[in-house]
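A quick write-up on the structure given underneath.
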Amino acid sequence: MAELILYTNPQSRGRIARWMLEEVGATYRVEVLDYASTMKDDAYRAINPMGKVPAIVHGGKIVTECAAICAYLAEAFPEAGLAPLPEERADYYRWMFYAAGPVEQATTNQFAQFVASEDQSRMFGYGTYDLVVDVLDTLLSSRPYATGERFTAADVYLGSQIGWTTMFGMLPKRDSFLAYVERVQSREAYQRASAMDDALVAEAEKAAEPA
């Protein structure tokens, strides 16, 4: 069996990759990196020149970017049933990359208090923040999951994005968003992954306490 390594920090988007690994039931080793040191050293930059987490190495092959990791693991572990069925592919890729593109860009710009002018918005892939919010609301008011009635890897990524951004006020707490987050976060794999990362956070906080 090919070795699978997760490079992460429990206070990062690495939690998305951990959740996806738990969903597919993979056996994996975890390398926890620190923002100020190991994440920026030469050894890790050889894996991800961006000096960011998460990254996975599977059988010697590197995958970075959370949406790519989710899509890759769904295909690498087909027995988990999280890759799209033929009739789900269009919605699967559409909403996975909508989350990775327009949602990510719009919410981070909103957090930075950057509001594009009307002329600038024509150049932005997402148009306007309000438009992104309304499109998501329409989607999640019409179906329980990204592709319809079935949970897929697209929901690991989309659910993580919406869970994070509603928690920190980067998206409004619309009923459709909160109901969706509750659905996806009730999954056993999410609960396991969160418990593991929460334990790492607690361990780090304890180690940082003065003697």
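Each number in my numbering corresponds to the 1-based position in the sequence shown with 30 added.
All residues carry an ideal CB built from backbone N, CA and C; glycine is no exception.
> Roughly how many whole angstroms lie between the Cα atoms of Y156 and Q150?
Replying inline: In this structure, the straight-line span from the alpha carbon of Y156 to that of Q150 is close to 11 Å.
>> Distance check for E233 and L63, CA to CA, integer angstroms please.
In response: The alpha-carbon atoms of L63 and E233 are separated by roughly 14 Å.
> Can the beta-carbon of Q143 be found closer than 8 Å to that of Y159?
Replying inline: Result no, Cβ atoms of Q143 and Y159 do not sit closer than 8 Å.
> With C-beta atoms as the reference, is V54 less than 8 Å away from L112?
Replying inline: Yes; because the gap between Cβ atoms is below 8 Å, this pair is in contact.
> Does the beta-carbon distance from V211 to G193 come in below 8 Å?
Replying inline: Taking 8 Å as the Cβ cut-off, V211 and G193 qualify as a contacting pair.
>> Taking the beta carbon of K203 as the centre, do at least 16 other beta carbons fall within 10 Å, making it buried, or is it exposed?
In response: K203 comes out exposed.
> Can you name the start and end residues of the alpha helix (DSSP H) that Y187 belongs to?
Replying inline: 183-197 is the span of the alpha helix (DSSP H), which, as asked, contains Y187.
> So, using beta-carbon positions, are I77 and V87 closer together than 8 Å?
Replying inline: Closer than 8 Å, so yes.
> Thinking C-alpha only, which one of D164, Y102, A229, S224 is nearest S190?
Replying inline: With respect to the C-alpha of S190, the residue from D164, Y102, A229, S224 having the closest C-alpha is S224.
>> I'd like to confirm the pairing. Which residues does DSSP put opposite V87 in its beta bridges?
In response: Residue pairing of V87 in beta bridges, as defined by DSSP: I35, I92.
> So, do the segment 162-177 and the segment 100-108 have three or more beta carbon pairs nearer to each other than 8 Å?
Replying inline: The answer is no - the segment 100-108 does not touch the segment 162-177, with fewer than three Cβ pairs under 8 Å.
>> Pull the bridge partners of G44 from the DSSP assignment, please.
In response: When beta bridges are read from the DSSP output, G44 appears opposite no residue.
> Since V186 contacts I92 with CB under 8 Å, what's their CB separation in whole angstroms?
Replying inline: Not a contact, Cβ separation roughly 20 Å.
> Of all the options E95, A237, G90, which has the alpha carbon lying nearest to the alpha carbon of P84?
Replying inline: Checked all of E95, A237, G90; the closest Cα to P84 is E95.
>> The alpha helix (DSSP H) that contains E134, what's its start and end?
In response: Residue range 134-141 is occupied by the alpha helix (DSSP H) that includes E134.
> CB-CB under 6 Å to F154, same chain, minus the five flanking residues each way: which ones, in chain order?
Replying inline: The residues are A146.
> How about G89 and A129: do their beta carbons lie closer than 8 Å?
Replying inline: Their beta carbons are not under 8 Å apart, which means G89 does not touch A129 by this criterion.
> Per DSSP, R59 is paired with what?
Replying inline: R59 pairs with I35.
>> Considering only the alpha carbon of each residue, which of A184, G81, V133 lies closest to K70?
In response: Taking K70 as reference, the option from A184, G81, V133 with the minimal CA-CA separation is G81.
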